[in-house]
Amino acid sequence: MSRATKRKHVVQEVMGDYPTPSENQQIVRVTNSPGNNLHEVETAQGERFLVSMPTKFRKNIWIKRGDFIIVDPIVEGEKVKAEITSILYREHIKQLRKEGVWPVSFLPPAANTESRAKDHIGSEEEKSQDSEDESDLFVNTNRQNYEYSESEEEEEEGRESEEGRGRRAERRDGDPVPRFF
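Positions in the sequence shown are counted from 1; adding 31 to them yields our numbering.
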């Protein structure tokens with residue numbers, strides 16, 4: 032099986048399934064990634080330990096701090112006490128909350144106190160939170176941000192001459208971006 036095919040199947044497995052933890056599995060939050068495919072996690076009770084990433088996920092699926100995962104305990108492990116079974120994304124977390132399997136200690140602080148009262152209203156709030164939550168979007172910090180604007184002078188010049196260029200790029204500090212012809 033080629034790498035691309037393997038990656039495709041692994042991604043389909045992770046994104047398509049809605050896993051529910053079995054009685055010996057648990058939901059944990061990633062707190063640190065010391066390297067070597069090891070991740071430090073915290074349980075709902077506050078216990079911290081290391082988990083290993085299985086080879087099928089390595090270089091195919093990435094985990095960052097704050098993500099939630101389902102782990103399967105390793106009996107003989109002293110330092111590494113569990114292995115990652117599945118990675119939970121936003122849709123998976125919503126499904127687990129609906130099923131009532133999600134640990135209460137992982138709920139946001141505002142939701143902990145009022146979670147029972149807002150169960151019926153919560154679905155409307157979740158829809159609005161989804162559209163507002165763009166924190167996962169990638170931002171390239173190696174490039175300058177430009178704002179494109181049309182000044183009144185340029186609009187008048189554009190109307191008078193047929194070859195008006197329209198928009199002119201400006202840096203955030205207000206200086207025009209040099210044009211190279």
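The beta-carbon is built from N, C-alpha and C at its ideal position, and this holds for glycine as well. Because the structure is a prediction, the values reported are computed rather than measured.
- A direct Cα-Cα distance of roughly 15 Å separates K37 from G47.
- Between the alpha carbons of E130 and I58 lies a distance of about 14 Å.
- Residue pairing by DSSP places I58 opposite I101 in a beta bridge.
- Between K87 and H123, the alpha-carbon positions lie close to 20 Å from each other.
- The segment 40 to 56 makes no contact with the segment 73 to 86; the number of CB pairs closer than 8 Å stays below 3.
- In the same chain as T74, and ignoring 5 residues on each side of it, the C-beta atoms closer than 7 Å to its own belong to Q57, V59, in chain order.
- For I105, same chain residues with a beta-carbon under 7 Å away, outside a window of 5 residues either side, are V111, K112, A113, E114 in chain order.
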